[in-house]
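Enquirer:
Protein chains in written order, with this note's numbering: chain A, 1 to 196; chain B, 197 to 488.
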């Protein structure tokens, strides 16, 4: 029959109780204290948090863990969630590159770049210039080739002169919005390069 | 004093690597290195009575009742004399300041004043130890340190013997399924970032959720906080705002190299100090995380 309880055992092994201070055992821990102090003074101890989320890409819905700097609110690391039942921590190439979607990616475009027909140069443009121009060109192109009825006389309302491709680099929700917009304009040539 | 020069065993290389990354922990690493070496050697060599596996109810184990609550892990008939005679010189090598008192304890063991078999397993072990400390005029802390250190080879041996049983239990609690202690340190693997908790009492490692506090089971999918050191992002301390406990965690450790979580933790005692200064407490007391 067992004499010692779990708590008694943990007291014996020192897992509970106040423990024995290292200095009591004759160790000089001044270097540890000094180092800790230096880190404090240099403000090198940073606070962060883990946030779980779901990959924005395909419908598999893999789990991710984001590490967020509490001071700046910025994500500084993204990894697979090992406790997620779908992916158990693994990520495909797109999921593994998820971090590049954040503003930490130094190659993200930050301005509108326009290349005029037959030009070999990119010009920076403002959004106030770019958005009305895109809308004008889409409207004009759509109107030029819009098919209201097919050969059988059935109403089809098709915009046959514009195709829509993309995007493998946006999340499911944005993809849905883009698809709905394209279909609302009557586009039928709609594809997504992720499947290619 | 051993400066790890010309060392060749994997454990010694571990100590070298940790010392290189955290030279401020030199005194701690050099103190515990001989003890850890001796613990592992004794765990290989000693002969202990086998645990009665029939006393361990697998259903209860799966339900969260650790082995220690079902059967004894430390028995009076374990080779305590052999362990003490081997361990005392190792402790003296690491902690020379304790030499005088440890030699008194060794003499007491030799002449029968101290019968370690009377202590392990007894309900009134603390009273027994009090009596010994008074009789031999040694500090209770030194005796406790010896008693705890001597228990480790036996725990390591017993834990190894029931490893398969523990692994098959599907254990998902924050405390050790073998000895019931809370983890002293955790590691998060590099490729598939699973979190593995490590028990510094018996050496068992078990997988645990990334978003649940092992101590109080508080789950936080959106706010699990931790601290890291800029420039040493692998060395972190996860904290729980609910229970105010912290857990030293080595982040993104490679699966390609062997690592001893205890040795890694010894190099990170500066984080223990910083967390305790912030008002957090460790999930468990370990020999290297108690400061004045």
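Virtual Cβ for every residue (Gly too), placed ideally from N, Cα, C.
Mind pulling the alpha helix (DSSP H) runs of 4 or more residues that sit fully within the region 41–111 of chain A?
Expert: Within the region 41–111 of chain A, the complete alpha helix (DSSP H) runs of at least 4 residues are 93–96.
Enquirer: Cβ of residue 290 (chain B) within 7 Å of Cβ of residue 230 (chain B)?
Expert: Going by C-beta atoms, residue 290 (chain B) is nearer than 7 Å to residue 230 (chain B).
Enquirer: Is the CB of residue 46 (chain A) under 7 Å away from at least one CB in chain B?
Expert: Interface residue, yes.
Enquirer: According to the neighbour-count rule (16 or more other Cβ atoms, all chains shown, within 10 Å of its Cβ), is residue 485 (chain B) buried or exposed?
Expert: Label assigned to residue 485 (chain B): buried.
Enquirer: Measure the C-alpha to C-alpha separation of residue 466 (chain B) and residue 35 (chain A) and round it to an integer number of angstroms.
Expert: Cα to Cα, the separation comes out at about 7 Å.
Enquirer: Using a Cβ-Cβ cutoff of 9 Å, what residues of the region 416–429 of chain B are near chain A? List them in chain order.
Expert: Correct list: 416, 417, 418, 419, 420, 421, 422, 423, 424, 425, 426, 427, 428, 429.
Enquirer: What does residue 449 (chain B) reach in chain A if we use C-beta pairs closer than 9 Å?
Expert: In chain order: nothing, as chain A lies at least about 13 Å away.
Enquirer: Alpha carbon to alpha carbon, how far is residue 358 (chain B) from residue 2 (chain A)? Give it in angstroms, no decimals.
Expert: Caution applies to residue 2 (chain A), whose pLDDT of 44 falls short of 50 and renders its modelled position unreliable; the model cannot decide the point.
Enquirer: So, at 8 Å on beta carbons, what are the nonlocal neighbours of residue 66 (chain A) in its own chain, with the 5 sequence-adjacent residues on each side left out?
Expert: Closer than 8 Å at Cβ, skipping near neighbours: 50, 51, 52, 53, 75, 77, 78.
Enquirer: Here's a check: name, in chain order, each residue in its chain whose Cβ is nearer than 6 Å to the Cβ of residue 420 (chain B), leaving out the five neighbours to either side.
Expert: Result list for residue 420 (chain B): 407, in chain order.
Enquirer: Using the rule of at least 16 other Cβ atoms within 10 Å of the residue's Cβ for burial, across every protein chain shown, is residue 274 (chain B) buried or exposed?
Expert: By the 10 Å Cβ count, residue 274 (chain B) comes out buried.
Enquirer: Tell me whether the beta-carbon of residue 22 (chain A) lies closer than 7 Å to the beta-carbon of residue 470 (chain B).
Expert: No. Outside cutoff.
Enquirer: Please list, in chain order, all residues of the same chain as residue 234 (chain B) whose beta carbon is under 7 Å from its beta carbon, the five residues on each side excluded.
Expert: 282, 283, 286.
Enquirer: Kindly indicate if chain A contains any beta-carbon less than 7 Å away from that of residue 277 (chain B).
Expert: It does not; no Cβ of chain A falls within 7 Å.
Enquirer: Considering Cα atoms alone, identify which of B:210, B:211, B:206, B:239 is closest to residue 399 (chain B).
Expert: Nearest C-alpha to residue 399 (chain B): B:239.
Enquirer: Going straight from the alpha carbon of residue 72 (chain A) to that of residue 440 (chain B), what length do you get?
Expert: Answer to the nearest angstrom: the Cα atoms are 24 Å apart.
Enquirer: Can you tell me which of the three DSSP states residue 156 (chain A) falls into?
Expert: Looking at residue 156 (chain A) - three-state DSSP - the assignment turns out to be strand.
Enquirer: Which residues mark the beginning and the end of the alpha helix (DSSP H) in which residue 456 (chain B) is found?
Expert: Premise fails: residue 456 (chain B) is in no alpha helix (DSSP H) and is neither H nor E.
Enquirer: Run the proximity test for residue 323 (chain B): is its beta-carbon closer than 6 Å to any non-hydrogen atom belonging to the ligand FAD?
Expert: By its list of ligands, the structure shown contains no ligand whatsoever, and the ligand FAD lies outside what it can speak to.
Enquirer: Could you give the distance in angstroms between the alpha-carbon of residue 232 (chain B) and the alpha-carbon of residue 279 (chain B)?
Expert: Their backbone Cα atoms lie some 13 Å apart in a straight line.
Enquirer: Go to residue 442 (chain B), then tell me how far its beta strand (DSSP E) extends in each direction, as first and last residue.
Expert: Here the beta strand (DSSP E) through residue 442 (chain B) covers 441–449.
Enquirer: Any beta carbon of chain A sitting closer than 7 Å to that of residue 365 (chain B)?
Expert: Answer no: the Cβ-Cβ gap between residue 365 (chain B) and chain A never drops below 7 Å.
Enquirer: For residue 27 (chain A), which of helix, strand or coil comes out of DSSP?
Expert: Of the three classes helix, strand and coil, the one that applies to residue 27 (chain A) here is coil, per DSSP.
Enquirer: Quick one: what does DSSP say residue 464 (chain B) is sitting in, helix, strand or coil?
Expert: It is coil, neither helix nor strand.
Enquirer: The alpha helix (DSSP H) with residue 139 (chain A) in it runs from where to where?
Expert: Taken as a continuous stretch (DSSP letters only), the alpha helix (DSSP H) holding residue 139 (chain A) covers 127–145.
Enquirer: Compare the C-beta of residue 334 (chain B) against all C-beta atoms of chain A and say whether one is closer than 7 Å.
Expert: No, because no Cβ of chain A sits closer than 7 Å to the Cβ of residue 334 (chain B).
Enquirer: I want to verify the contact list: residues of chain B whose CB lies under 7 Å from the CB of residue 82 (chain A), in sequence order.
Expert: The answer, in chain order, is 388, 389, 390, 406.
Enquirer: Is the Cβ of residue 49 (chain A) closer than 7 Å to any Cβ of chain B?
Expert: Answer yes: the Cβ-Cβ gap between residue 49 (chain A) and chain B drops below 7 Å somewhere.
Enquirer: Is the beta carbon of residue 263 (chain B) sitting closer than 7 Å to the one on residue 395 (chain B)?
Expert: No, the Cβ-Cβ distance between residue 263 (chain B) and residue 395 (chain B) is not below 7 Å.
Enquirer: Quick one: what does DSSP say residue 2 (chain A) is sitting in, helix, strand or coil?
Expert: At residue 2 (chain A) the pLDDT is 44, less than 50, meaning the model places this residue with poor confidence and gives no usable figure here.
Enquirer: Around the C-beta of residue 93 (chain A), are 16 or more other C-beta atoms found within 10 angstroms, so that it is buried, or is it exposed?
Expert: Exposed, by the Cβ-count rule.
Enquirer: State yes or no: is the beta carbon of residue 411 (chain B) nearer than 7 Å to at least one beta carbon in chain A?
Expert: No - not a single Cβ of chain A is within 7 Å of the one on residue 411 (chain B).
Enquirer: Who are the Cβ neighbours of residue 166 (chain A) in its own chain at under 8 Å, not counting the five residues just before and after it?
Expert: Excluding positions up to five away in sequence, the list reads 178, 192, 193.
Enquirer: In chain order, what residues of the same chain lie with their CB nearer than 8 Å to the CB of residue 197 (chain B), ignoring the 5 residues before and after it?
Expert: At residue 197 (chain B) the pLDDT is 41, less than 50, meaning the model places this residue with poor confidence; the figure from the coordinates comes in the next sentence. 226.
Enquirer: Return helix, strand or coil for residue 428 (chain B), following the three-state DSSP convention.
Expert: Of the three classes helix, strand and coil, the one that applies to residue 428 (chain B) here is strand, per DSSP.
Enquirer: Suppose you measure from the CA of residue 328 (chain B) to the CA of residue 311 (chain B); what does that come to, to the nearest Å?
Expert: Cα-Cα distance, rounded: 9 Å.
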